[in-house]
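Inspection log for the structure reproduced underneath, given as structure tokens.
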Amino acid sequence: MPFTVYEHGAVAGWDVARPLRPGRSAGISLAGFRYRSAGSADLPVIPHPAVTVVVEFGDGSLVMGDASGWQQRGSLVAGLVPGAVRVRGENVTCVEVHVSPVVAHAVLGICPAELDRTVVALDDLWGRDAARLREQLGDAPSWEDRFTLTDALFSHRRGTGPPADPEVVRAWDRIIVSRGSVRVEDLAAEVGWSRRRLWSRFRSQVGLPPKRATTLVRFRHAAHRLTAGDSTARVAAECGYADQSHLHRETLAFTGVTPAALAADPGLAVDDIAWASTAPTETA
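Under the UniProt record's numbering, the first residue of the sequence shown carries the number 1, and numbering increases by one thereafter.
Now the structure itself:
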């Protein structure tokens with residue numbers, strides 16, 4: 001069946017689609033990807049402050065792996081920091097879903113803490129629901145239809161697991177709004193918990209301790225600044241790093257490459273188009 005093309009942007013062989021309107025489920029964001037070039041796609045997985053669900057469909061192949069030889073094929077669920085891994089494949093077409101860690105357990109049925117540096121097959125979590133969604137996505141005539149189908153399933157599954165504590169949700173929201181610049185002591189005081197209780201409850205429900213979460217969110221903001229063309233020195237100074245060496249070490253830890261290499265990688269450009277904050281417009 002031919003595609004009804006809806007492209008928000010295209011870069012390095014990838015068409016990127018985004019929904020025209022917000023979905024029904026708070027804490028869930030969607031984007032669509034299609035690799036239209038000959039040969040094999042090869043992109044880094046840029047750590048994001050969300051649990052990532054990739055639902056592949058069509059005739060292509062999707063493989064996530066790292067330098068050690070580890071691989072996960074097909075639709076998958078990745079934790080907040082999967083490590084320095086890359087996505088490869090031919091004729092890749094997929095819907096990618098970012099799920100806030102404070103709603104992930106309720107929607108996915110698995111706590112983010114169980115996904116620490118781990119990638120699991122979506123079929124192992126959802127069984128027939130995953131297979132049915134792939135079939136529906138393959139039959140859908142447009143990206144907007146695919147987003148509607150995906151959003152409906154995620155909304156239906158809400159309540160599969162327990163909700164996060166309100167204090168954990170508040171602390172997470174504060175980290176996001178501050179772009180990772182808030183102190184853990186201040187977070188604990190704001191939610192009315194001791195630092196130890198915040199660390200324990202936050203780690204068990206989000207999958208990262210608060211300090212690590214602030215580091216991830218800060219890095220994510222820095223990565224956006226790098227791909228926008230800002231210098232490493234400026235990004236380090238304005239994103240809360242001690243110096244350029246600090247940013248260099250953190251980028252290596254999250255991605256396996258230097259800030260300069262990350263800024264030049266098409267994967268970061270694709271990622272920025274997919275998860276930009278501005279609303280897209282539809283094209284014929």
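Beta carbons are placed, not taken as given, at the ideal position from N, Cα and C, and that holds for glycine.
query: Whole angstroms is fine: what's the gap from V77's alpha carbon to L187's?; result: 29 Å
query: Measuring CA to CA, which of F33, S178, Q205 and A131 is closest to L115?; result: Q205
query: Could you tell me the distance, in whole angstroms, from the CA atom of V136 to the CA atom of F57?; result: The question names Val, but residue 136 is Gln in the sequence shown. The straight-line gap from Cα to Cα measures roughly 9 Å.
query: Can you tell me the Cα-Cα spacing of A171 and S37, whole angstroms?; result: 42 Å
query: Considering only residues of the same chain and omitting the five flanking positions on each side of C239, which have a CB-CB separation below 7 Å?; result: R218, H221, A222 and R225
query: Measuring only the C-alpha atoms, how far is R158 from A261?; result: 39 Å
query: If we ignore side chains and look at the alpha-carbon of each, how far apart do S75 and G13 end up?; result: 21 Å
query: Checking 8 Å against the spacing of the C-beta atoms, do T232 and P266 come in under that value?; result: no
query: Note down the Cα distance separating H48 from T255, rounded to an integer number of angstroms.; result: 11 Å
query: Could you work out which residue in D272, D230 and L216 is closest to A253 when comparing CA atoms only?; result: L216
query: Give a yes or no on whether the C-beta atoms belonging to P162 and A106 are separated by under 8 Å.; result: yes
query: Touching or not, the region 94-101 and the region 20-33, by the rule of three or more beta carbon pairs under 8 Å?; result: yes
query: If we require 4 or more residues per run, which alpha helix (DSSP H) segments fall completely within the region 118-187?; result: 122-126, 128-139, 143-157 and 166-177
query: G89: which of Q72, A104 and L80 sits nearest, CA to CA?; result: Q72
query: Exposed or buried, G69, counting other C-beta atoms within 10 Å across all chains shown (16 or more means buried)?; result: exposed
query: Rounded to whole angstroms, what's the CA-CA distance from D145 to L43? Just pull it up for me.; result: 26 Å
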